[in-house]
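Here's the structure we're looking at; comments come further down.
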Amino acid sequence: MTDQAQQSAEHARAVQSAEMFGKPMFAITLVMIYGIYQIIQEGVWPAWPDGTILVAGGILSMIFVVLYVRSIEAGSGKSWAKAAAAFGGFVPYVYSLYVIGYVGVWSLVQLVTVGITLSGLAGGLFGLVFGYRTLKTFYDITELSAQKA
């Protein structure tokens, strides 16, 4: 393999790795920004900690996305670290379901039961879109790991 071909292959792997990290991280970051807005509005620990869960869950999700992708890139093999990273992959999954269900769907349900507001509609659509984006991009990462196996 020539030097240029090897560099090209390394570049392609780096681009693929950056895509795997970047897509879910972007969506999680936007949800965390919304969570910070909620914390500013409601406080850190109100009766139901909406913003705190969004920020803390986002941080944990980012950590476990990184660990999960690193375990995929490490290749096959058995270890406790890989098992922990695989089980940690449930954190971004559950987080995205929370964003879809509570931030998205529940906000839209409250439009009908409590009252129609523009901010409620925007928050509900935001939760649906970015929760789904997080779920879909993390699903793509798991499919990539299944292809490598």
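Residue numbers (the working numbering): 64 to 212.
Backbone N, C-alpha and C define an ideal beta-carbon position, used for all residues, glycine too.
Please give me, in chain order, every unbroken run of the alpha helix (DSSP H) with length at least 4 that falls completely inside the stretch 147-182. 153-161, 170-176
Find out if the Cβ-Cβ distance for the pair glycine 121, methionine 95 is shorter than 7 Å. Methionine 95 is positioned such that its CB atom lies closer than 7 Å to that of glycine 121.
Under 8 Å: do the stretch 175-190 and the stretch 140-149 share three or more Cβ pairs, one atom per stretch? No, they do not touch.
Limits of the alpha helix (DSSP H) - the one that proline 87 falls within: 66-105
On the three-state DSSP scale, how would you describe glycine 186? helix
Cβ neighbour criterion (16 or more within 10 Å) applied to serine 139: exposed
Residue environment, glutamine 104, which counts as buried when at least 16 other CB atoms sit within 10 Å: exposed
Exposure of isoleucine 91, with buried meaning 16 or more beta-carbon neighbours within 10 Å: buried
7 Å CB neighbourhood of threonine 200 in its chain, flanking five on each side removed: Lys86, Pro87, Ala90
If you follow the alpha helix (DSSP H) that glycine 114 is part of, which residue opens it and which one closes it? 113-136
Examine the Cβ distances between the stretch 154-173 and the stretch 118-132 and report whether three or more of them are shorter than 8 Å. yes
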